[in-house]
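For reference, the structure discussed in these notes is given below.
Protein chains: 2
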Amino acid sequence: MIGVVRHVYERYGFEPLETPAFENIETLLGKYGDEGNKLIFKILKRGEHEGSGEADLALRYDLTVPLARVIAQYQNELPRFFKRYQIQPVWRADRPARGRFREFYQCDIDAIGSTSPVVEAELIIAVCEILTRLGFQGFSLRLNHRVVLHGLLTAAGLAVSQHNDALVALDKLDKIGVDGVAREFATRGIDPAATNKCLELFESTGAEGSGDTLGRLEKIVPPGDPALANLREIVTLVETTASACRIRVDPSLARGLSYYTGAIMEAAVPDLAGSIGGGGRYDNLIGMFLGREVPACGFSLGLERIIVVMTERNMFPDSVEHGALDVMVTLWNGESRADALALAADLRRAGLRVEVYPDADKLGKQFKYASTRNVPFVAVVGDDERGRGEVTIKDLRSGTQQSVARAGTAAELAKILKND
Amino acid sequence: MIGVVRHVYERYGFEPLETPAFENIETLLGKYGDEGNKLIFKILKRGEHEGSGEADLALRYDLTVPLARVIAQYQNELPRFFKRYQIQPVWRADRPARGRFREFYQCDIDAIGSTSPVVEAELIIAVCEILTRLGFQGFSLRLNHRVVLHGLLTAAGLAVSQHNDALVALDKLDKIGVDGVAREFATRGIDPAATNKCLELFESTGAEGSGDTLGRLEKIVPPGDPALANLREIVTLVETTASACRIRVDPSLARGLSYYTGAIMEAAVPDLAGSIGGGGRYDNLIGMFLGREVPACGFSLGLERIIVVMTERNMFPDSVEHGALDVMVTLWNGESRADALALAADLRRAGLRVEVYPDADKLGKQFKYASTRNVPFVAVVGDDERGRGEVTIKDLRSGTQQSVARAGTAAELAKILKND
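Residue numbers (this note's numbering), protein chains in the order written: chain A, 373 to 792; chain B, 373 to 792.
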């Protein structure tokens, strides 16, 4: 899966970047909200300061904030546009559960330095290509815009001071439904008329095409609204270039993180609650480190979540099983070790993945071990075989065996495996 | 480099394994000596216990101890022989210096479950193949045996209680020389006659072949010594199977870590102080977690150290530069965004790595940016080109340009790049 991600992202002009596992603790604190602060793993000071019980470093919580720190720190050495991908673990002190780990991988792409809608379009098209190559069919990419969202809330009659509360509630629309959101709005003192108007705007979007949704929104926000024009441009660019990308403008998409400033997006696959990735534009985050704003936009795929889905749906081709063995060379006795290693060397030179059974156990035991490891073939060089200059190759699945000339063993096995 | 390591290790039957970045703190403490304990990064307890200032987790310090923990924990689910490779970062709170980082990658292979010398031989042959494939010439692999080493110290007249002190001093022989070791021996109360005899054993091994060294040692240790026989068997297996492996028995090789119990080895390249990797047999370590002993042997390559050497010696082929771009598509104006993205999509479908310039800046500025990124080609679709159904391709290195049919651009560029 990582191979597919790398291959696609590199063809879109993204360069690999890795950042350290830990950052100075101040870099991370305050970037993920109160809940996030609690979930950050903090590292104790060392040496004479260990006794203080204080932390000075913290494990990275996502890949975006460390990237923003890197951009700010190396701004003079980076190109005007900086496009990087990063596939590394992040750590959150969540209670572990099915599909939720304290250590998990994120696959991020981010494009720094431009406000052009070409940036969002390329991120979306690249993500669609990855999901398609991984074998997902009928996935969808929901798209919204933070400024449009605020415009809609205002149009529905909410005060600006109520917007953040409303976004937090709306973010749970998937999970708690319209009634749940209405109750949360009530708890937070949003008046019923505004609540109803708001939910009306966000509810009726299920089967609507992106064009229709945009048309509907254009009647609500002020004419010529630049945020909505930006959203329309992104939709047009994606749909013109990559008609297979199924994007859907969803005015209710909120995305939890507070640092987004423009387009926001989320990818989902059918019959799976929640998303497998998401992202958006965050033009202010780098400014928190640098003092001047640098436009930026990114998308993050959740590796484990995608792997869980692909495993459950049997989407991994058999052939990608890493580390599988082609053949096991048996050991006839203690004196035949060098022979076994020499045969293994020949087979490996031909590109085969070879295990040498290390101990001079009985052959039956060696065969049984090979079966448990799912090795398709074993090679035996006993005293008889050695005398004849031959090797016996046994197919453990069919039980058949054949003798081949010692010198031609590698070629013969490579041929059999290729036709297998 | 990681690609080479993976490819070789998989052909030797090693399977990939990753372990979590942190372990319970008790798992790591006490495994690396007093100095090691101080260099472990410790993670503060979370939630209500954060205020205690205590640590319950710690970042892994190497890949061997976490592996031993995994073996002990999953012993019933693992095959009788378990061969894994692992390429992951480890963390040590060292003072950073040239080539010494607080976070660095180790590439480990370990074979669990057998005491056969086939295990050591295969580790050594695999490591030699990696170093050869990476382009190292004239590297050497020093080999010794902990039990032989103790036998030599005893034969030189050292008391068993002085062995550990002597090993710590001997480990620095490379750095402090014979005189330095003699001084350290004196400080630790080892008598001068024993010191002289000891240094005599260890000093005269520079140009000696492994066979001669083994012959010399056989006159010192008791006849039929199984440790020395084991060492000879490993040397024979490696030299018979892989004559290109330059191994050298070096009785002075000590290896710092205390958990080694049998053969120990260290790889070095000419004109570089210190090693680029090392390993050995540690038949007792898993027993510290499991309560019963499980034989094990491993080798660890230091990724950054090898990369530093390869970079300094210009050993990386140009073609492996990851993330390099093949072509940049320019943006004619705001209205041509969809055209630029469509051309990029065609080029990417042909396997090219393509960047789209996101902003409608002046062409000169776009070309200049492409030059700074070392992109060999730019593609221009201006209003003229669009009218003629063509694309202009400019070679930024020669300055030449040509017009090609829009539909054939991808094929044309792929052809040029292939012959480039």
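Glycine is no exception: its CB is placed at the ideal position from the N, C-alpha and C atoms.
Look at the beta carbons and you see the region 748–765 of chain A not touching the region 642–650 of chain B: under three pairs across the two are nearer than 8 Å. In the DSSP assignment, no residue is bridged to residue 379 of chain A.
For the 8 Å CB-CB criterion, residue 585 of chain A and residue 540 of chain A do not form a contact. Against chain B, a Cβ distance below 7 Å from residue 488 of chain A picks out 730 and 731. Taking 8 Å as the CB threshold, residue 666 of chain A stays off the interface with chain B. Three or more beta-carbon pairs separated by less than 8 Å are not found between the region 699–709 of chain B and the region 422–434 of chain A, which leaves the two stretches without contact. In the three-state scheme derived from DSSP, where H, G and I count as helix and E and B as strand, residue 533 of chain B is classed as helix. Straight across, the Cα-Cα distance linking residue 403 of chain B with residue 631 of chain B is about 8 Å. Pairing residue 739 of chain A with residue 685 of chain A, the inter-Cα distance amounts to about 33 Å. DSSP places residue 411 of chain A in the uninterrupted alpha helix (DSSP H) bounded by 405–411.
A direct Cα-Cα distance of roughly 7 Å separates residue 764 of chain B from residue 773 of chain B. Following the DSSP letters along the chain, one finds residue 598 of chain B inside the alpha helix (DSSP H) bounded by residues 598–613. Within its own chain, the residues whose Cβ lies closer than 7 Å to the Cβ of residue 510 of chain B, once the five positions on either side in sequence are excluded, are 642, listed in chain order. By the rule that beta-carbons nearer than 8 Å mark a contact, residue 513 of chain A does not touch chain B.
Shown here, residue 719 of chain A sits in a helix according to DSSP, grouped into three states.
Residue range 489–506 is occupied by the alpha helix (DSSP H) that includes residue 491 of chain A. Annotation: residue 449 of chain B to residue 557 of chain B spans about 47 Å, alpha carbon to alpha carbon.
Looking from the CA of residue 678 of chain B, the closest CA among B:667, B:471 and B:652 belongs to B:471.
Under a 10 Å Cβ-count criterion, residue 654 of chain B is classified as buried, with 16 or more other Cβ atoms of the shown protein chains found around its own Cβ. Rounded to the nearest whole angstrom, the CA to CA distance from residue 666 of chain B to residue 704 of chain A is 24 Å. In this structure, the straight-line span from the alpha carbon of residue 549 of chain A to that of residue 571 of chain A is close to 10 Å. Within chain B, the residues whose beta carbon sits less than 7 Å from that of residue 413 of chain A are 415, listed in sequence order.
Fully contained in the region 408–488 of chain A are the following alpha helix (DSSP H) runs of length 4 or more, in chain order: 436–445.
In the three-state scheme derived from DSSP, where H, G and I count as helix and E and B as strand, residue 514 of chain B is classed as strand. Against residue 741 of chain A, the close residues of chain B are 451, 452 and 453, in the order they occur along the chain (beta-carbon pairs closer than 9 Å). For residue 747 of chain A, no pairing in a beta bridge is given by DSSP. With a cutoff of 8 Å on beta-carbon distance, residue 453 of chain B and residue 485 of chain B are scored as near each other.
Secondary structure at residue 767 of chain B: strand, using DSSP grouped into helix, strand and coil. Taking 8 Å as the threshold, the shortest C-beta distance from residue 620 of chain B to chain A does not fall below it.
Membership of residue 570 of chain A in the alpha helix (DSSP H) is indicated by the continuous run 564–575. Within the DSSP secondary-structure output, residue 620 of chain A pairs in a beta bridge with A:514. When DSSP states are grouped into helix, strand and coil, residue 653 of chain B belongs to the strand group. Put simply, the region 493–505 of chain B touches the region 604–621 of chain B. At least three CB pairs are less than 8 Å apart. Bounds of any beta strand (DSSP E) do not take in residue 593 of chain B, whose DSSP letter is neither H nor E.
Separation of residue 547 of chain B and residue 517 of chain B (C-alpha to C-alpha, rounded to the nearest whole angstrom) is 21 Å. Proximity of chain A to residue 608 of chain B at the Cβ level (cut-off 8 Å) is accounted for by 710, in chain order.
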